[in-house]
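According to the working numbering, the residues represented by the first sequence are -12 to 546, in order.
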Amino acid sequence: MNFIEEIVEKDLQEKKNDGRIQTRFPPEPNGYLHIGHVKAICMDFGIAERYGGVCNLRFDDTNPVKEDTEYVDSIKHDIAWLGFHWGQIYYASDYFQQLYDLAIQFIKAGKAYVDEQSAEEIAAQKGTPTEPGQNSPYRDRPIEENLRLFEAMQAGEIPDGKMVLRAKIDMANPNMHFRDPIMYRIITTHPHHRTGRQWNVYPMYDFAHGQSDYFEGVTHSICTLEFVVHRPLYDWFIDQFVDNKPCLSPWGNNYRPRQFEFNRLNITYTVMSKRKMLQLVKEGLVAGWDDPRMPTVCGLRRRGYTAEAIRTFIDKIGYTKVEGTIDLGLLEHTVRECLKEKAPRVSAIFDPVRLVITNYPADSKEVITAENIDGIPELGTRNVPFARELWIEREDFREDADKNFYRLSAAPDGREVRLKNAYIIKATGCKKDAEGNVTTIYATYDPESKSGTEGGNRKTKATINWVECDSALDAEVRLYDRLFAVENPSADERDFRELLNPDSLRITNAKVEQALASAQPQDHFQFLKQGYFVVDDDSTPEHLVFNRTASLKDNWQKK
RNA sequence: UGCUUAGUGGUGUAAUGGUAGCACUACAGAUUCUGGUUCUGUCUGUCUGGGUUCGAGUCCUGGCUAAGCAACCA
-12 MNFIEEIVEK DLQEKKNDGR IQTRFPPEPN GYLHIGHVKA ICMDFGIAER YGGVCNLRFD
48 DTNPVKEDTE YVDSIKHDIA WLGFHWGQIY YASDYFQQLY DLAIQFIKAG KAYVDEQSAE
108 EIAAQKGTPT EPGQNSPYRD RPIEENLRLF EAMQAGEIPD GKMVLRAKID MANPNMHFRD
168 PIMYRIITTH PHHRTGRQWN VYPMYDFAHG QSDYFEGVTH SICTLEFVVH RPLYDWFIDQ
228 FVDNKPCLSP WGNNYRPRQF EFNRLNITYT VMSKRKMLQL VKEGLVAGWD DPRMPTVCGL
288 RRRGYTAEAI RTFIDKIGYT KVEGTIDLGL LEHTVRECLK EKAPRVSAIF DPVRLVITNY
348 PADSKEVITA ENIDGIPELG TRNVPFAREL WIEREDFRED ADKNFYRLSA APDGREVRLK
408 NAYIIKATGC KKDAEGNVTT IYATYDPESK SGTEGGNRKT KATINWVECD SALDAEVRLY
468 DRLFAVENPS ADERDFRELL NPDSLRITNA KVEQALASAQ PQDHFQFLKQ GYFVVDDDST
528 PEHLVFNRTA SLKDNWQKK
């Protein structure tokens, strides 16, 4: 149980807010969801699910300069894909009229004023964390004038940037957010994606978020740690009108939303900033928001991460107030765990070299029945053609092998190697081209050693995989690796674009077994000894494309 | 030199005054028709000084360190 759940259980026991639990997930529709958002999603939706409450989806669309419906659609799609269910869909823009009316109330109560200074002047007066700020010369403007000017702002009579509405609080407050925060600014350059040109003034986050929570009846407004300093202001704004009669919330005068904060997610070798992701996309450093190297939900999905794996990962890392960085290795471990009992095993040869079994009849062919996953017969079987000529991995053969090399070799120790699901063979020699590269390997097989038969029970030091030459299919294989070359790109003083891993994508071709002809996008496979792969969205039966989700652990290569 | 938040193995997370545990990583061994998987074992930890207490990771107090906060972003 994490600390938020403890708070919720205590609130439930104390019957706070009539024992009601309501959360919200409040994305700004200005980018695609990433795995950091998933942590928040699992919290917001998870709390509601576990404690009999509801979690609504609320788009925090108070800045038309950055926001777009493109993002609204992708956000909804990604949440649903993750397996969560929202109650209602709301938009902060649903409350523009209520917020405007509320702002008028603030003005009438002498708690807000229209400032005509430039952004620079306001910033200069704000002071610093260690020095108090100074009052604006417009701070004590008469209420009637404030009212008239605010209405003029909304009427479109004032150009962008010429006036703002500020709360009149305390320019010397040690919390910078209390130094007369801006409540409203004028934006006429961009139409709003939902309200069009209806509004010329838009509320700032601090004046929109808490009030929206309040209008909706949110009980636990859960967010990340950078909002801790905003919490007193969140409470202050609500304090100013919470006792109004009639009550501005349908939930009554005893209801009160509360904000709680947890640590955001950081992962090694990646960035979790929407701004940086947008830059990678715009500058073509990745192929798009759904590039399989991106930490976005759509990127992870295209990479082959399952919703289950992502949710399990979030579950493992927990929620605290400690800011840290999670090992990318844990995410990879989680997806391997998830896929290992789901992904059918198939052969794919990345660097093929021909193997000829000289004592196997040239005109003969057989079909081997292989379990999709060894030891899990419920997952079915597939047919694998076998014949005299096979593709095997170049690195599975060495002319001169030492004792640490278990695989195929014509070395005089007479070693035997098993062909996965088939026969035991022994190398007899090889042919090389003028440069000395092996072009063909020759071997003999033991006809009595077929897998599943009595004679096949013999132990071999190694098993290698193969694809029969005639029936093999060609496939494009995209080998993805970590996006960044350094563990913590955000902490590096260099520009983050200089820190990209030059080997984050390697494209190669492979010979794959016939059974993959019918593979559909998003189908998961394990290429034996290579790793987990997923069929790319661009894949077609004529041009198969596989993305590497994660490699297999390899204790041998490491040495 | 302000306000806020936080310091438990390499990483993340438990222990709510009573044996510092779990997961990942690393290493070693066993098993294996994937050098995968599985199993077993090992290494490594309470930021620091003082105090309260029979007993402190936990409570009190001083210090140190880190992060966030000065957008007409959210």
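Think of the CB as a built atom: it goes at the ideal place given N, C-alpha and C, for glycine as much as any other residue.
Residue i, buried or exposed, once every other Cβ within 10 Å from all chains shown has been counted against 16
i	result
Thr176	exposed
Met264	buried
Gln84	exposed
Ser505	exposed
Trp276	buried
Arg445	exposed
Ala79	buried
Met163	exposed
Asn43	buried
Ala110	exposed
Thr283	buried
Thr115	exposed
Three-state secondary structure (DSSP) of residue i
i	result
Leu235	coil
Lys(-3)	helix
Ile313	strand
Glu320	A quick correction: the sequence has His, not Glu, at residue 320. Here His320 sits in helix by DSSP.
Leu406	strand
Ser458	coil
Glu386	coil
Asp226	helix
Gly416	strand
Ile355	strand
Asp5	helix
His511	strand
Glu365	helix
Ile109	helix
Beta-carbon spacing of residue i, residue j below 8 Å
i	j	result
Phe214	Tyr306	no
Val371	Ala349	no
Leu318	Phe300	yes
Trp453	Leu406	yes
Glu(-7)	Asn17	no
Ala497	Ala537	no
Pro51	Tyr192	no
Val464	Phe512	no
Val343	Tyr429	yes
Met30	Ile209	yes
Pro13	Val258	no
Ile156	Gly197	no
Leu134	Ile94	yes
Phe373	Glu295	no
Pro119	Met158	yes
Ala472	Leu492	no
Straight-line gap, residue i to residue j (C-alpha atoms, nearest Å)
i	j	result
Ser313	Lys26	Rather than Ser, the amino acid found at residue 313 in this sequence is Ile. Roughly 12 Å separates the two Cα atoms.
Ala195	Ile297	31 Å
Arg153	Val216	18 Å
Gly401	Lys413	7 Å
Arg535	Arg290	7 Å
Ala335	Thr450	14 Å
Gln509	Thr427	35 Å
Phe71	Ile22	15 Å
Asp383	Cys417	13 Å
Ser236	Trp223	16 Å
Glu435	Val521	36 Å
Met170	Arg332	58 Å
Ser260	Arg481	16 Å
Asp200	Asp47	11 Å
Cys285	Arg484	21 Å
Ile242	Leu267	Residue identity check: residue 242 is Tyr in the sequence provided, not Ile. Computed Cα separation, rounded: 44 Å.
Pro146	Ala106	14 Å
Glu203	Arg369	54 Å
Val425	Lys419	4 Å
Arg184	Val322	46 Å
Lys232	Ala96	15 Å
Val229	Asn240	7 Å
Asp523	Glu529	13 Å
Gly40	Ala67	18 Å
His179	Ile62	18 Å
| query | What residue ranges within the region 228 to 308 form continuous beta strand (DSSP E) runs of no fewer than 3 residues, ordered along the chain? | reply | You should have 245 to 249.
| request: Report the residue ranges of all beta strand (DSSP E) runs contained in full by the region 131 to 212; include only those spanning at least 3 residues, in chain order. | output: 151 to 154, 169 to 173, 188 to 190 and 207 to 211
| said: Please give the ranges of any beta strand (DSSP E) in the region 427 to 503, keeping only runs that are unbroken, at least 3 residues long and fully inside the region. | reply: 449 to 451, 453 to 455, 460 to 467 and 492 to 499
| message | Please give the ranges of any beta strand (DSSP E) in the region 20 to 96, keeping only runs that are unbroken, at least 3 residues long and fully inside the region. | response | If only uninterrupted beta strand (DSSP E) runs of at least 3 residues are considered, those enclosed by the region 20 to 96 are 41 to 46 and 76 to 78.
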